[in-house]
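First to last, the sequence lines map onto chains C and S.
When you number the first sequence by our numbering, it's gap-free, plus one each residue, and the end is 173.
When you number the second sequence by our numbering, it's gap-free, plus one each residue, and the end is 329.
All C-beta atoms, glycine included, are put in the ideal place defined by N, C-alpha and C.
As the structure is a computational prediction, the values presented were derived from the model and not from experiment.
Working notes for the structure below.
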Amino acid sequence: MLKPSINNRDNISGPDNAIITLVEYGDYECPHCGRAHGIIKNIQVQMEGILRFVFRNFPLQESHPNAFMAAVATEAAARQKAFWPMHNVIFENQERLSHDDLEAYAGKLKLNLKTFDIDMKDEALKEKVEADFESGVMSGVNGTPTFFINGTRYDGNWEEIELLKVLNKMAQK
Amino acid sequence: MLAIGTKAPDFELNSTPDQQLKLSDFRGKRIILSFYPADWSPVCGDQMSLYNETLKLFQKYKAQILGISVDSKWCHMAFAESRKLHFPLLADFEPKGAMAKNYEVYHEQEGQAQRALFVIDEEGIIQWSYLSPDGINPGADGILGALEELDNKNQS
């Protein structure tokens, strides 16, 4: 089960009263998560209004040296109400996630760069990413991506057709 | 699989080409013994890589994790280097799978260990165990739950 449940520290896309809440624990440098990103975006379009998507960070720092910093960058962007634009641009550029790259994306998104730089060094944002990771471990995340549907871990196939079928079936219950 | 409350069988196995580890070396510490089928599984965040990322959480409960499979010390060395693992992998290589057999988690047909977890307390007694279905990475939540329970028991 998902611990803690969705709360105001989460980055949420979709209505509060959605029937379905899909949570992904993901890593910005993980190629499987990169593929899942496109699938989720398509599903969000097809289930608009009934689906709420939440992304929590699960950076595997030893395997993916830039994943943690990329996660902090999305949280820094969130402070300027640009979490999802940053999340998207990072997943679309998984091979280019150096500090300079992340700053360039912030510039492209027209963020205040001075504030962004300060936030990138903010311990509170690092702690937020670490807390996400820990919540994932305690929720039973065993790799990336791991999905939870309405609070329960989903171990099934997450190809677009299969996942969409599962979500739609749950929405009809 | 050995029952909870059993004394954990001791072992002396290579962790690197020139180092051997014994369970009794760790007396007074908690041990997480993680049997797994083989090095080099192809997914991101395989079981050993995941535990590598959760070492800090294990340390909070004063527990040391040891991975163990039938792979040789040389294979372990290459695997650990490639995944940048910061904990020992034990080579249950000669005689093959002897330790997995002692812990009753050897898969005869496959010739490798099952995916099995043991939490061993400071006195060398098995306090928790879990056998994961084939092909499923059990994650770390079960281990952490067991360690937390040990802490609670000690306090009461």
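Under the three-state DSSP convention, the category residue i falls into
i        : result
Trp247/S : helix
Tyr25/C  : strand
Thr115/C : helix
His87/C  : helix
Arg203/S : strand
Leu262/S : strand
Glu130/C : helix
Tyr154/C : strand
Ala327/S : Reading off the sequence shown, one finds Asn at residue 327/S, where the question assumed Ala. Helix at Asn327/S.
Arg9/C   : coil
Lys180/S : strand
Arg79/C  : coil
Ile39/C  : helix
His280/S : strand
Asn225/S : helix
Tyr105/C : helix
Phe58/C  : coil
Ser242/S : strand
Thr189/S : strand
Thr144/C : coil
Ala211/S : coil
Leu164/C : helix
Ser139/C : helix
Ile50/C  : coil
Ile316/S : helix
Lys195/S : strand
Ser305/S : coil
Gln220/S : helix
Ala71/C  : helix
CA-to-CA distance, residue j to residue i, given in whole angstroms
i        : j        : result
Met250/S : Glu62/C  : 16 Å
Cys33/C  : Asn66/C  : 14 Å
Gly270/S : Trp213/S : 18 Å
Val45/C  : Gly14/C  : 11 Å
Tyr276/S : Gly312/S : 20 Å
Gln237/S : Ser197/S : 13 Å
Gly308/S : Leu290/S : 14 Å
His87/C  : Leu262/S : 36 Å
Val197/C : Lys169/C : Here chain C covers residues 1 to 173 and nothing more, so residue 197/C does not appear.
Leu206/S : Phe199/S : 12 Å
Ile40/C  : Pro85/C  : 15 Å
Leu258/S : Tyr234/S : 20 Å
Lys274/S : Pro145/C : 34 Å
Pro133/C : Asn8/C   : Per the sequence presented here, residue 133/C reads as Phe, with Pro not at that position. Approximately 17 Å between the Cα atoms of the pair.
Val54/C  : Ile19/C  : 14 Å
Ala131/C : Ala78/C  : 16 Å
Gln80/C  : Asp119/C : 10 Å
Ser139/C : Asp10/C  : 15 Å
Ile50/C  : Gln220/S : 34 Å
Asn305/S : Arg288/S : This sequence places Ser at residue 305/S; Asn is not what is there. Cα to Cα, Ser305/S sits roughly 5 Å from Arg288/S.
Gln172/C : His99/C  : 44 Å
Asp16/C  : Met47/C  : 14 Å
Ile204/S : Glu29/C  : 31 Å
Val166/C : Ala36/C  : 15 Å
Contacts that residue i makes with chain B (C-beta to C-beta distance below 7 Å)
i        : result
Val141/C : Of the protein chains in this structure, namely C and S, none is chain B.
Whole-angstrom C-beta distance between residue j and residue i, which should lie under 8 Å
i        : j        : result
Asn310/S : Asn42/C  : Not confirmed; about 27 Å, so no contact.
Phe184/S : Lys195/S : 7 Å
Ser245/S : Leu60/C  : The pair is not a contact, with the Cβ atoms about 26 Å apart (cut-off 8 Å).
Ala253/S : Asn187/S : Ala253/S to Asn187/S, Cβ: 12 Å. No contact.
Arg52/C  : Thr21/C  : 5 Å
Asp101/C : His64/C  : Not quite, the Cβ-Cβ distance comes to about 14 Å (not below 8 Å), so this is no contact.
Ser135/C : Pro31/C  : Ser135/C to Pro31/C, Cβ: 23 Å. No contact.
Gly240/S : Tyr209/S : 6 Å
Leu97/C  : Ala70/C  : 5 Å
Tyr25/C  : Phe58/C  : 4 Å
Cβ pair count under 8 Å reaching 3, the stretch 312 to 326 of chain S against the stretch 288 to 303 of chain S: yes
Stretch-stretch touch, CB-based, cutoff 8 Å, three pairs: the stretch 114 to 122 of chain C with the stretch 188 to 197 of chain S: no
Members of the stretch 209 to 231 of chain S near chain C, C-beta cut-off 8 Å: Val216, Cys217, Gly218, Asp219, Gln220, Ser222, Leu223, Asn225, Glu226, Thr227, Leu230
Members of the stretch 308 to 319 of chain S that neighbour chain C once the beta carbon cut-off is set at 9 Å: Ile309, Asn310, Pro311, Gly312, Ala313, Asp314, Gly315, Leu317, Gly318
Contact the stretch 226 to 234 of chain S vs the stretch 140 to 156 of chain C: 3+ CB pairs below 8 Å: no
Interfacial residues, the stretch 246 to 267 of chain S to chain C, with Cβ spacing under 9 Å: Arg256, Lys257, Leu258, His259
Members of the stretch 56 to 75 of chain C near chain S, C-beta cut-off 7 Å: Leu60, Gln61, Glu62, Ser63
Members of the stretch 146 to 171 of chain C near chain S, C-beta cut-off 7 Å: none
Chain-ordered residues of the stretch 114 to 144 of chain C with a beta carbon less than 8 Å from chain S: Phe133, Glu134, Val137, Met138, Ser139, Gly140, Val141, Asn142, Gly143, Thr144
Three-pair Cβ contact test at 8 Å for the stretch 70 to 80 of chain C versus the stretch 153 to 162 of chain C: no
At least 3 beta-carbon pairs within less than 8 Å: the stretch 282 to 289 of chain S vs the stretch 255 to 274 of chain S: yes
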